[in-house]
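For reference, the structure is listed below as structure tokens.
In full-length UniProt numbering, the protein residues as written are 1 to 154.
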């Protein structure tokens with residue numbers, strides 16, 4: 001396969017991670033606009049591919065040590081600014097605001113070109129295999145914070 005410089009997992013940038021997603025018919029409701037719950041899917045893909053690009057394999061973390069390590073969404077705040085439509089190309093941006101202790105705070109945006117559609121703050125709890133809080137290892141916290149500058153404003 002030829003190297004076209006494109007990664008299906010997006011790319012790390014100076015502000016965090018960028019992932020392109022197309023809006024398909026299945027993402028829309030009867031009005032032709034993206035159904036509000038579908039934005040959660042786009043945001044999740046952004047977070048998952050951010051981890052992948054950082055070299056963090058979630059399925060390996062659960063067995064990485066005797067305690068296990070799992071990331072779960074604890075809280076999410078979403079501001080719906082403007083709607084997306086079928087065939088739009090969206091950019092999902094993910095930036096680490098905080099990583100340490102037993103949580104991470106990620107800021108995410110969904111944009112169509114320069115237009116901000118969605119702004120989200122996601123608080124991720126770090127737990128062990130028994131669903132008890134555990135500290136994020138410093139090496140992982142450093143990966144999340146390395147080179148992450150704040151996202152641009154709306």
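For each residue, glycine too, the CB sits at the ideal point set by N, CA and C.
For a test of the three-state rule: what should DSSP assign to residue i, helix, strand or coil?
i: residue 27; result: helix
i: residue 37; result: coil
i: residue 65; result: coil
i: residue 120; result: strand
i: residue 58; result: helix
i: residue 44; result: helix
Comparing C-alpha positions only, which one of the options sits nearest to residue i?
i: residue 108; options: 123, 36 and 54; result: 123
i: residue 86; options: 16, 142, 29 and 136; result: 29
i: residue 138; options: 101, 25 and 78; result: 101
i: residue 84; options: 8, 50, 35 and 132; result: 35
i: residue 134; options: 39, 54, 62 and 89; result: 62
i: residue 33; options: 55, 99, 88 and 13; result: 88
i: residue 113; options: 142, 82 and 126; result: 82
i: residue 25; options: 38, 16 and 43; result: 38
i: residue 145; options: 92, 104 and 125; result: 104
i: residue 71; options: 121, 23 and 58; result: 58
i: residue 140; options: 43, 69 and 49; result: 69
i: residue 127; options: 23, 67, 120 and 17; result: 67
Which word fits residue i, buried or exposed, when buried means at least 16 other C-beta atoms lie within 10 angstroms of its C-beta?
i: residue 80; result: exposed
i: residue 27; result: buried
i: residue 21; result: buried
i: residue 115; result: exposed
i: residue 8; result: exposed
i: residue 41; result: exposed
i: residue 131; result: exposed
i: residue 31; result: exposed
i: residue 111; result: buried
i: residue 92; result: buried
i: residue 47; result: buried
i: residue 10; result: buried
i: residue 148; result: buried
Assuming residue i contacts residue j under a Cβ cut-off of 8 Å, what Cβ separation, rounded to an integer in Å, is found between them?
i: residue 45; j: residue 19; result: 6 Å
i: residue 95; j: residue 15; result: 5 Å
Is residue i close to chain C? Criterion is C-beta to C-beta, closer than 8 Å.
i: residue 19; result: Annotation note: the requested chain C is absent from the structure, which comprises a single protein chain.
Threshold first: 3 residues or longer. Then list the beta strand (DSSP E) segments lying entirely within the segment 84 to 146, N to C. Here the runs fully enclosed are 89 to 100, 103 to 112 and 115 to 127.
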